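Reviewing the structure listed below.
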Amino acid sequence: MSAENMALSGIDRVAARFDAEGRLLHKKPFGNGHINDTFLLTYEMPGGTEKKYILQRMNHTVFPNPTELMENIVNVTEYLRGKIVSLGGNPERETLNVVKTKSGASCYEDDGHDFWRMFLYIENTLCLEKVDSPEEFRDSGKAFGNFQRLLADYPAENLYETIPGFHNTPARFAAFEKAAGQDKLGRASTCAEEIAFALSRKEKTAVLTNLLEEGRLPLRVTHNDTKLNNILFDKDTQKALCVIDLDTVMPGLSLYDFGDAIRFGANTGAEDEKDLTKISLDLTLFEAFCAGYLEGCGGSLTPKEVEMLPMGAWMMTFECGIRFLADYLEGDIYYKIHRPKHNLDRARTQFKLAADMEARWKEMEGIIGKYKK
Ligand code: ADP
Ligand code: GN1
Ligand code: MG
136 MSAENMALSG
146 IDRVAARFDA
156 EGRLLHKKPF
166 GNGHINDTFL
176 LTYEMPGGTE
186 KKYILQRMNH
196 TVFPNPTELM
206 ENIVNVTEYL
216 RGKIVSLGGN
226 PERETLNVVK
236 TKSGASCYED
246 DGHDFWRMFL
256 YIENTLCLEK
266 VDSPEEFRDS
276 GKAFGNFQRL
286 LADYPAENLY
296 ETIPGFHNTP
306 ARFAAFEKAA
316 GQDKLGRAST
326 CAEEIAFALS
336 RKEKTAVLTN
346 LLEEGRLPLR
356 VTHNDTKLNN
366 ILFDKDTQKA
376 LCVIDLDTVM
386 PGLSLYDFGD
396 AIRFGANTGA
406 EDEKDLTKIS
416 LDLTLFEAFC
426 AGYLEGCGGS
436 LTPKEVEMLP
446 MGAWMMTFEC
456 GIRFLADYLE
466 GDIYYKIHRP
476 KHNLDRARTQ
486 FKLAADMEAR
496 WKEMEGIIGK
506 YKK
């Protein structure tokens, strides 16, 4: 039984702890996240209408301090609410809204030490696993850029680092090397080619962290997990509406947000595609996201940040590949998997995409050249 189905049986008792209106009618597992267990709950309101909520069991293996994490989310969403209201927007649709517990806490710890949280469900939205058009991808770029701009003056020192070194690629590389060296499950022989691919690129992993240390790239408040499915699109307008999955909002580089979105959205194949001939970089989508992201950032990226955008795309793709591969080698303990070797398949697509980026570096730079100030 999946973790979601196991948890479903206890949902009513957990849901009763939260300050949701009405009577719980339906509950079902929801979404395609790799980390949390997400449920859609439908309540019947006094007049007979329905209201929906998102209930999530937080992954406390991945996020060791759920209370601090929720403090980040409450503070960030309240800050965004203020900005959205002052811009004449709708804060119930354009940012996440935390539903507190009946005792006023931002999450609930059950008897089994699992932590749960609730959000208002944002109605009439679409969550995409794949880009349908360059316009749509451009719009998602604008939304992620705008998200960063809205948080530009957020007091970053008040944010907890929910996963220390989340995009510290050299540290990720060290963790991967350790997993490959230990080879606890004897899986290294099944992915020797992938391990060799990663090892031969060790030197490149420090390019961005070095620039940050040298003060040549600015630290900003970033989202850090800018997958296309971490954005909701309005069904009516088809426009990007709300940036979700705020677990990893922390100080970071703009290049992390740009790069992670490219590695997922500008890939011609799925993140877990088995047929690697389907995996490549779609340069039209690369350019579309670039245009949208720079517009959303409001022209605030420095020339060095713009110059490094291709490196951001490569770094996030490579980093994601070594994270998937390390998890495969360690026995699939971090990411949810839905089939054997799922993490290995995911690592392979990331490495194929990273290799394609290497082959098309000049083309990426040519596109970026158009956006340099
Ligand atoms: P994970 O960290 O596991 O990726 P997410 O917070 O991204 O978890 O949620 C998983 C999915 O649930 C999202 O991709 C989206 O489809 C859906 N979702 C999450 N929050 C909301 C919300 N407030 N309204 C509508 N859908 C949501
Ligand atoms: C996870 O939570 P989700 O599914 O949006 C992961 C990202 C990876 C991504 C790969 C907290 O994102 O860092 O890039 O999977 N999130 C965390 O698909 O580790
Ligand atoms: Mg998500």
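Under this note's numbering, the residues of the sequence shown are numbered 136 to 508, in order. No residue lacks a Cβ here, since even glycine has one placed at the ideal position from N, Cα and C. Keep in mind it's a predicted model, so treat the numbers as computed, not measured.
Original post:
Measuring from the CB of D515, is there a heavy atom of ligand 2 at a distance below 7 Å?
Top reply: The chain is shown only over 136 to 508; residue 515 falls outside these bounds and no answer can be derived.
Original post:
Which same chain residues, not among the five before or five after F486, have their C-beta less than 7 Å away from its C-beta?
Top reply: E329, F332, G456
Original post:
If you compare alpha carbons, which of F421, S389, V149 is closest to E270?
Top reply: F421
Subject >> Reference K186; option with closest CA among L160, E430, I170 >> reply: L160
Original post:
How about K235: is its Cβ closer than 7 Å to a heavy atom in ligand 3?
Top reply: no
Original post:
What separation, rounded to the nearest whole angstrom, lies between the Cα atoms of D249 and R495?
Top reply: 45 Å
Original post:
For D154, which option in N171, N167, Y188, K162 has the closest C-alpha, if you only look at C-alpha atoms?
Top reply: Y188
**OP:** Pull up the distance between the alpha-carbon of R273 and that of A489, whole angstroms please.
**Re:** 21 Å
**OP:** Classify P201 as helix, strand or coil using the three-state DSSP reduction.
**Re:** helix
Original post:
Is the closest heavy atom of ligand 2 to the C-beta of G447 under 7 Å?
Top reply: no
Original post:
Just the Cα atoms here: how many angstroms apart are L444 and Y506?
Top reply: 11 Å
Original post:
Nearest to S275 by alpha carbon, out of F393, R152, E465, R483?
Top reply: F393
Subject >> One or two residues paired with C326 in a DSSP bridge >> reply: Paired residue(s): none; C326 is not in a bridge.
Subject >> Where A151 sits in the DSSP three-state scheme >> reply: coil
Subject >> Length-filtered (4 minimum) alpha helix (DSSP H) runs lying within the region 224-293 >> reply: 226-229, 269-285
**OP:** Using alpha carbons as the reference points, say which of V233, I170, C425, T212 lies closest to F96.
**Re:** Because residue 96 is not part of the residues shown, which for the chain are 136 to 508, the question remains open.
Subject >> Other residues of its chain near T452: CB distance less than 6 Å, five sequence neighbours each side excluded >> reply: R398, Q485, L488, A489
**OP:** Examine chain C for any beta-carbon lying closer than 8 Å to the beta-carbon of E454, and answer yes or no.
**Re:** Absent from the structure is chain C; it holds one protein chain and no more.
**OP:** May I ask you to report which of helix, strand or coil DSSP gives K162?
**Re:** strand
Original post:
Which residue's Cα is closest to the Cα of E229: Y295, N293, N365?
Top reply: N365
Subject >> Sufficient close CB pairs (3 or more, under 8 Å) joining the region 204-219 to the region 230-250 >> reply: yes
**OP:** Pull up the distance between the alpha-carbon of F459 and that of Y470, whole angstroms please.
**Re:** 8 Å
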